[in-house]
Structures are given as structure tokens and as C-alpha cells.
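Note sheet for the following structure.
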Amino acid sequence: MYPEDLIKPMRQELVQIGFSEAKEANEVEKYIADENATTLVVINSVCGCAAANARPAVRLALAATTKAPTNLVTAFAGNDVGAVSKARAMMAPFPPSSPAMALFRKGELVHMIERHNIEGRPAQVIADNLVHAFEEFCD
């Protein structure tokens with residue numbers, strides 16, 4: 001587990017743009033299972049690609065679309081063990097990775113961005129990927 005004071009600013013980057021934090025499995029499941037919603041789940045991380053690519057990409061994508069997901073949920077890898085485990089189980093068949101982003105529609109996984117799709121890619125490229133998914137799957 002990472003010290004909470006170390007990761008607090010990283011958590012706040014997503015909370016400040018409208019994300020709800022999930023720390024337990026039932027919290028993640030509640031959002032994803034919402035049959036009337038789309039849910040973006042971001043598995044947050046302390047790594048450099050989360051700081052330079054993932055979190056900025058999410059911010060850019062949400063600012064660039066009128067079709068944002070209904071629910072925005074984040075859990076922190078290494079700290080929110082129950083929530084991250086549940087989210088990763090619901091992201092199957094994709095292997096666990098962090099950071100990661102998954103879009104669910106009516107409880108079904110419809111779009112996935114794994115760590116290898118984040119590392120080394122500019123935030124804008126990742127944001128464009130998210131915007132296309134939002135336009136396709138969000139009402």
C-alpha cells in the first residue's frame with residue numbers, strides 16, 4: 001500500500017473533474033451494473049504514464065465531448081484493493097494492468113484501454129480514443 005498522503009494529489013486529479021472514488025468491490029459493482037448508464041472506470045496508479053498520459057487524457061476527453069459517460073469511477077491500484085480486484089474481474093478477459101480505463105454500457109464491457117495502450121502515447125491520442133468510444137457508446 002502506498003502512503004495516503006503520497007497518492008492523495010493523484011486521486012484528486014480525477015475527483016476534481018467529477019469522478020467518484022470506489023474503495024470497495026460493491027461500490028464498483030454498483031456503478032458498472034447500472035442498466036441505465038455508461039460507466040468509465042479508471043484504475044489509477046502512481047506510475048509516470050498515469051501522471052503524464054492517463055489522467056491528462058481523461059481530462060482532455062471529458063472536456064472534448066458532449067457524450068460523456070453517466071458514471072465516472074476511479075480506484076487506486078495498490079490501495080483500493082477490493083475495488084480494483086472487482087473492476088479487474090469485470091474487465092476480463094483483459095489481464096490486470098494499471099493504469100487502465102474501461103467503458104461499460106449497461107453492465108457490459110464495451111471499450112478497454114490497457115497500460116500498453118497508455119505507455120509512451122501522448123495524452124491527446126488516448127483522449128481521442130476515449131472520445132470515439134464515448135461517441136459510440138454514450139447517449
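In terms of the numbering used here, the sequence shown opens at residue 1 and continues consecutively.
Every residue, glycine too, gets a C-beta built ideally from N, C-alpha and C.
| message | For a quick check, are the C-beta atoms of alanine 123 and leucine 60 less than 8 Å apart? | response | Closer than 8 Å, so yes.
So which of Ser45, Met90, Glu108 has the shortest CA-CA distance to glutamate 119?
For the residues Ser45, Met90, Glu108, the minimum Cα distance to glutamate 119 belongs to Ser45.
Own chain residues within Cβ distance below 7 Å of tyrosine 2, not counting five before or after: Excluding the 5 residues flanking it on each side, tyrosine 2 has same chain C-beta neighbours closer than 7 Å at Val46, Gly78, Asn79, in chain order.
task: Could you tell me how far apart the beta carbons of alanine 70 and threonine 38 are, in whole angstroms, since I believe they sit closer than 8 Å?
output: Sequence check: residue 70 is threonine here, not alanine. Their Cβ separation, rounded to whole angstroms, is 5 Å, which keeps threonine 70 and threonine 38 in contact under 8 Å.
Pick helix, strand or coil for alanine 123, following the three-state DSSP scheme.
Reduced to three states, the DSSP call for alanine 123 is helix.
| said: Short of 6 Å in beta carbon distance, which residues of its chain neighbour proline 96, apart from the five on each side in sequence? Order them along the chain. | reply: Apart from the 5 residues on each side of it in sequence, proline 96 sits with its Cβ closer than 6 Å to the Cβ of Arg88 in its chain, given in chain order.
Taking only the alpha-carbon atoms, compute the straight-line gap between glutamine 12 and arginine 55 and give it to the nearest angstrom. So the alpha carbons of these two residues sit roughly 10 Å apart.
Original post:
Looking at C-alpha atoms only, which residue of Arg105, Leu109, Tyr31 is the closest neighbour of alanine 92?
Top reply: Alanine 92 has its Cα closest to that of Leu109, out of Arg105, Leu109, Tyr31.
Here's the rule I'm using: 16 or more other beta-carbon atoms within 10 Å means buried, otherwise exposed. How should alanine 100 be labelled?
With 16 or more Cβ atoms within 10 Å of its Cβ, alanine 100 is classed as buried.
For this session: Return helix, strand or coil for asparagine 71, following the three-state DSSP convention.
Result: Strand, per DSSP.
So, are the CB atoms of valine 125 and threonine 74 less than 8 Å apart? No; because the gap between Cβ atoms is not below 8 Å, this pair is not in contact.
What is the DSSP secondary structure of asparagine 117, counted as helix, strand or coil?
Here DSSP, grouped into helix, strand and coil, assigns asparagine 117 to helix.
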